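Before any comments, here is the structure.
Numbering (this note's numbering), first residue to last: 42 to 254.
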């Protein structure tokens with residue numbers, strides 16, 4: 042009778058599992074707290090850049106523009122359960138300004154999806170440069186449509202991430218679709234295969250970097 046009961050329970054368990062399939066979730070590599078920036082001297086599309094170039098720029102940059110998208114055109118900030126992307130987007134949306142910037146954010150707490158991607162999105166942009174910390178210098182304006190970015194991040198050594206893949210999307214009629222050349226903002230522009238270098242240890246206490254966590 043005991044064996045029969047065990048057999049029935051096993052069959053019941055199998056029935057439950059089949060009725061409610063378990064999806065394997067990708068475990069994303071841990072992204073440590075940091076201020077990760079691209080090497081703006083890596084001007085060739087797809088060129089990865091070098092950490093020493095970024096550290097050299099830190100010594101030359103005007104403190105008034107240090108922690109902004111004018112100092113670093115792409116920055117990914119990881120702080121606890123928050124993840125934010127700051128970047129320049131050119132000035133096609135508003136030619137009255139030299140540059141425009143966006144800040145895309147992940148939902149808090151920031152977690153990656155089953156594909157291994159981190160998703161960040163925004164509905165607005167900023168004229169000129171954008172501060173990494175504190176209040177924006179200028180009032181935000183609405184983008185023509187909501188945009189989002191999916192980043193696949195690969196830690197390759199201490200303080201260095203590689204963007205192994207990137208997907209930009211826009212929202213149309215409440216649905217997300219792939220970015221096309223006719224859309225306003227490509228958040229993935231020149232990012233795929235780029236390296237991001239953590240400069241947080243080098244900027245803590247430095248003039249112009251008030252607010253570093």
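Heads up, the beta-carbon is just placed ideally off N, CA and C, and yes, glycines get one too.
Here the structure is a predicted model, which is why all the values come from computation and not from measurement.
8 Å Cβ cutoff met for residue i and residue j
{"i": "residue 164", "j": "residue 183", "result": "yes"}
{"i": "residue 178", "j": "residue 217", "result": "no"}
{"i": "residue 211", "j": "residue 186", "result": "yes"}
{"i": "residue 149", "j": "residue 123", "result": "yes"}
{"i": "residue 95", "j": "residue 240", "result": "yes"}
{"i": "residue 244", "j": "residue 72", "result": "no"}
{"i": "residue 120", "j": "residue 223", "result": "no"}
{"i": "residue 168", "j": "residue 133", "result": "no"}
{"i": "residue 166", "j": "residue 151", "result": "no"}
Bounding residues of the beta strand (DSSP E) (the contiguous stretch that carries residue i)
{"i": "residue 182", "result": "182-198"}
{"i": "residue 146", "result": "141-146"}
{"i": "residue 106", "result": "From DSSP, residue 106 is part of no beta strand (DSSP E); its letter is neither H nor E."}
{"i": "residue 207", "result": "201-213"}
{"i": "residue 219", "result": "216-219"}
{"i": "residue 159", "result": "159-168"}
{"i": "residue 120", "result": "115-120"}
{"i": "residue 126", "result": "123-129"}
{"i": "residue 77", "result": "75-78"}
Supposed contact pair residue j and residue i - C-beta distance, whole angstroms, cut 8 Å
{"i": "residue 225", "j": "residue 204", "result": "Rounded, the Cβ-Cβ distance is 21 Å, inconsistent with contact."}
{"i": "residue 125", "j": "residue 146", "result": "5 Å"}
{"i": "residue 69", "j": "residue 131", "result": "In fact, because the Cβ distance is near 30 Å, the residues do not count as touching under 8 Å."}
{"i": "residue 171", "j": "residue 79", "result": "Between residue 79 and residue 171 the Cβ distance is about 15 Å, and since that is not below 8 Å, they are no contact."}
{"i": "residue 228", "j": "residue 173", "result": "Rounded, the Cβ-Cβ distance is 17 Å, inconsistent with contact."}
{"i": "residue 249", "j": "residue 107", "result": "3 Å"}
{"i": "residue 252", "j": "residue 175", "result": "6 Å"}
First through last residue of the alpha helix (DSSP H) which encompasses residue i
{"i": "residue 243", "result": "241-244"}
{"i": "residue 96", "result": "92-101"}
Closest residue to residue i among the options (Cα-Cα distance)
{"i": "residue 202", "options": "92, 83, 81", "result": "92"}
{"i": "residue 89", "options": "253, 242, 233", "result": "233"}
{"i": "residue 116", "options": "74, 213, 199, 181", "result": "74"}
{"i": "residue 208", "options": "199, 215, 219", "result": "219"}
{"i": "residue 83", "options": "242, 251, 238, 252", "result": "238"}
{"i": "residue 206", "options": "214, 193, 200, 215", "result": "193"}
{"i": "residue 231", "options": "160, 154, 98, 129", "result": "129"}
Exercise. Looking at C-beta atoms only, is the number of pairs between the stretch 85-104 and the stretch 131-144 that lie closer than 8 Å three or more?
Worked result: Output reads no: the stretch 131-144 does not touch the stretch 85-104.
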